[in-house]
Amino acid sequence: MRWLAVDGIDGSGKTTHANWIRAYYEERGEKTMIYVHPSSRLMGRLTRRLLQGSGIVMQALAGTFFIVDVFGSLRHMKKHSSEYDNVVFVRYLMATAYLPGRLAKIGYGFFVRLLPVPDRLLLVDIDPGVAFERISARMEEKEMFEDIPHLIKTRKKVLSLADGSWKITDNSFSDADSRIQLHQILAYWDSKSQGPR
Numbered sequence: 001m002r003w004l005a006v007d008g009i010d011g012s013g014k015t016t017h018a019n020w021i022r023a024y025y026e027e028r029g030e031k032t033m034i035y036v037h038p039s040s041r042l043m044g045r046l047t048r049r050l051l052q053g054s055g056i057v058m059q060a061l062a063g064t065f066f067i068v069d070v071f072g073s074l075r076h077m078k079k080h081s082s083e084y085d086n087v088v089f090v091r092y093l094m095a096t097a098y099l100p101g102r103l104a105k106i107g108y109g110f111f112v113r114l115l116p117v118p119d120r121l122l123l124v125d126i127d128p129g130v131a132f133e134r135i136s137a138r139m140e141e142k143e144m145f146e147d148i149p150h151l152i153k154t155r156k157k158v159l160s161l162a163d164g165s166w167k168i169t170d171n172s173f174s175d176a177d178s179r180i181q182l183h184q185i186l187a188y189w190d191s192k193s194q195g196p197r
């Protein structure tokens, strides 16, 4: 089974990329499962609700529920891994970039040691202004990090956390350009391995 994580700031197009990944592998006859975080399970719904609030307490509670939600996905993935050729986690390790200041780097290091790490890590980068336009177009209640200053700060932290194990794609332009970049990355990864494990 291939395991991929798709991370990036709010509005970067993570779920869109996950769906493109599924389409890419389904064209090859492979079955792909996508876990989006926060999920639609109870802990994910609570996380989303808390993110629509403000303040450090709401942020801390949202972070706690997010972690529990991710553990739920890890358990489900382990139980059902034989059913899929590919599993994609949308928002995983880079969620630590939403921690304040230097805690982002500490949190990232902690989770890389604590959690299993996918062998394929994709960071969907985007200009914060473009991300904000996409968030605004959703017509949904905004979350606490979905404004220009937070998007700029979070993007800076995300890029600083992305070491050489991350492949980075720029989703600031057209879908066609982004899909070309993604397909090149997937083809590169696939050339380095012998299909799903």
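All residue numbers for the sequence shown refer to this note's numbering, where the first residue is 1 and numbers rise by one.
Glycine included, every Cβ here is placed at the ideal spot set by N, Cα and C.
Integer Cβ distance of residue i from residue j, believed to fall under 8 Å
| i | j | result |
| --- | --- | --- |
| Leu123 | Gly8 | 6 Å |
| Phe111 | Leu93 | 6 Å |
Limits of the beta strand (DSSP E) - the one that residue i falls within
| i | result |
| --- | --- |
| Leu4 | Arg2 to Asp7 |
| Asp125 | Arg120 to Asp125 |
| Met33 | Thr32 to Val36 |
| Asn86 | Asn86 to Val90 |
| Asp170 | Trp166 to Asp170 |
Best match in the options for proximity to residue i [C-alpha to C-alpha]
| i | options | result |
| --- | --- | --- |
| Asp163 | Tyr108, Phe173, Ser191 and Arg91 | Tyr108 |
| Tyr144 | Leu61, Met43 and Arg41 | In the sequence as presented, Tyr is not what sits at residue 144; that position holds Met. Minimum Cα distance to Met144 is reached at Leu61. |
| Arg120 | Phe89, Lys142 and Gly101 | Phe89 |
| Leu46 | Val130, Asp69 and Glu83 | Asp69 |
| Leu161 | Val130, Thr96 and Ile185 | Thr96 |
| Gly101 | Ile185, Gly29, Lys153 and Leu186 | Lys153 |
| Ile67 | Gly55, Leu115 and His80 | Leu115 |
Chain-order list of residues whose beta-carbon lies under 6 Å from that of residue i (same chain, five-residue window excluded)
| i | result |
| --- | --- |
| Ser178 | Asn171 |
| Tyr25 | Thr32 and Asn86 |
| Ser136 | none |
| Gly44 | Pro38 and Asp69 |
Beta-carbon proximity list for residue i, same chain, < 7 Å, skipping 5 on both sides
| i | result |
| --- | --- |
| Asp127 | Ser172 |
| Ser165 | Leu121 |
| Ile106 | none |
Other residues of its chain near residue i: CB distance less than 8 Å, five sequence neighbours each side excluded
| i | result |
| --- | --- |
| Phe132 | Gly11, Glu146, Asp147, Ile148 and Leu151 |
| Asn19 | Ile34 |
| Ser22 | Per the sequence shown, residue 22 should be read as Arg rather than Ser. These residues qualify, in order along the chain: Thr32, Ile34, Asn86 and Val88. |
First through last residue of the alpha helix (DSSP H) which encompasses residue i
| i | result |
| --- | --- |
| Lys157 | Ile148 to Leu161 |
| Thr16 | Lys14 to Glu26 |
| Asp10 | Per DSSP, Asp10 belongs to no alpha helix (DSSP H) and is neither H nor E. |
task: Examine the Cβ distances between the stretch 15-30 and the stretch 39-56 and report whether three or more of them are shorter than 8 Å.
output: No, the stretch 15-30 does not touch the stretch 39-56.
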